[in-house]
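Residue numbers (our numbering): 35 to 284.
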């Protein structure tokens with residue numbers, strides 16, 4: 035029998051609590067009860083289930099730079115997020131994987147999740163230069179599509195209308211052309227975007243070499259989730275990274 039065939043699940047298997055828009059680390063502790071050390075290069079925890087409401091990397095990495103010796107406890111860590119319009123609980127399944135394939139028993143972990151009402155999920159950004167003769171100078175049209183990962187439908191009109199607002203910026207200042215005000219670029223184009231659907235926002239900025247951190251908003255609240263980063267022109271990666279960190283710290 036291969037020495038990797040021995041491992042004991044040492045966790046109490048309590049559920050991981052996750053809210054939509056706020057990924058959390060799943061930590062699985064396993065005892066190396068075989069006769070071979072586990073190195074980060076050779077051993078990982080592979081996910082087996084296909085539960086669509088829980089998303090993340092397909093494996094959990096060993097949380098150690100040094101090999102875990104026989105008799106030692108190993109920690110495997112993976113960031114998990116949840117999607118969907120309803121709160122609930124799901125079971126994820128994992129199994130250790132070594133140089134010669136999977137080994138040990140299947141390990142199950144429950145994920146219990148909540149879905150706040152207003153959550154911005156995956157976003158796609160398209161920036162296209164406009165015709166300088168028409169726009170009256172250097173300018174760009176920006177189209178942002180954001181997935182509604184919350185539990186309520188987004189609407190274009192009414193008291194709960196959803197807009198795209200400016201959270202912060204970096205690089206060279208970009209001129210706000212045709213914005214609703216200095217902080218609010220525009221409202222969503224679709225009449226409605228149900229949970230899981232995308233809302234589209236289109237706006238224009240003048241100038242170049244600047245980056246904007248945007249987020250869907252209502253009159254009384256910003257959406258949970260990551261900010262949307264829109265880069266116009268050329269911006270150093272370090273500038274964008276600093277902007278992301280500044281926005282995340284708020």
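A virtual CB, placed ideally from N, CA and C, is assigned to each residue, including glycine. Since the structure is predicted, the reported quantities are computational estimates derived from the model, not experimental observations.
Check, Outcome
"Beta-carbon gap between residue 83 and residue 125 smaller than 8 Å", "yes"
"From 245, 94 and 197, residue whose alpha carbon lies closest to that of residue 235", "197"
"C-alpha gap between residue 274 and residue 58, whole angstroms", "24 Å"
"Segment contact flag, the stretch 205-213 with the stretch 235-255, C-beta cutoff 8 Å, min 3 pairs", "yes"
"Spatial neighbours of residue 175 in its chain, beta-carbon cut-off 6 Å, leaving aside the 5 residues before and after", "162, 164 and 238"
"Beta-bridge pairing of residue 252 - partner residues as DSSP gives them", "255"
"Beta-carbon proximity list for residue 169, same chain, < 6 Å, skipping 5 on both sides", "With a pLDDT of only 47 at residue 169, under the threshold of 50, the placement of this residue in the model should not be trusted, and no figure is reported."
"Boundaries (first-last residue) of the alpha helix (DSSP H) holding residue 139", "Looking at the DSSP string, residue 139 is not in any alpha helix (DSSP H); the run it does join, the beta strand (DSSP E), is 135-148."
"Whole-angstrom distance between residue 195 and residue 155, CA atom to CA atom", "17 Å"
"Where residue 178 falls: helix, strand or coil (DSSP)", "strand"
"Beta-ladder partner(s) of residue 263, from DSSP", "247"
"For residue 159 and residue 263, the rounded distance between their alpha carbons", "8 Å"
"Reduced DSSP secondary structure (H/G/I, E/B, other) of residue 282", "helix"
"Residue 277 (DSSP reduced to helix, strand or coil)", "helix"
"Residue nearest to residue 204 in terms of C-alpha spacing, selected from 226, 269, 232 and 128", "269"
"Helix, strand or coil at residue 272 according to DSSP, with G and I counted as helix", "helix"
"Distance between beta carbons of residue 61 and residue 109, contact taken as under 8 Å", "6 Å"
"Buried versus exposed call for residue 81 [16 or more other C-beta atoms within 10 Å across all chains shown]", "buried"
"Nearest neighbour of residue 118, chosen from 146, 112, 133 and 134 [CA to CA]", "146"
"Three-state class that DSSP yields for residue 72 in the structure shown", "strand"
"Straight-line gap, residue 215 to residue 179 (C-alpha atoms, nearest Å)", "20 Å"
"Cα-Cα separation, residue 193 to residue 120", "24 Å"
"Cβ separation of residue 116 and residue 87, assumed to be a contact under 8 Å, to the nearest whole Å", "6 Å"
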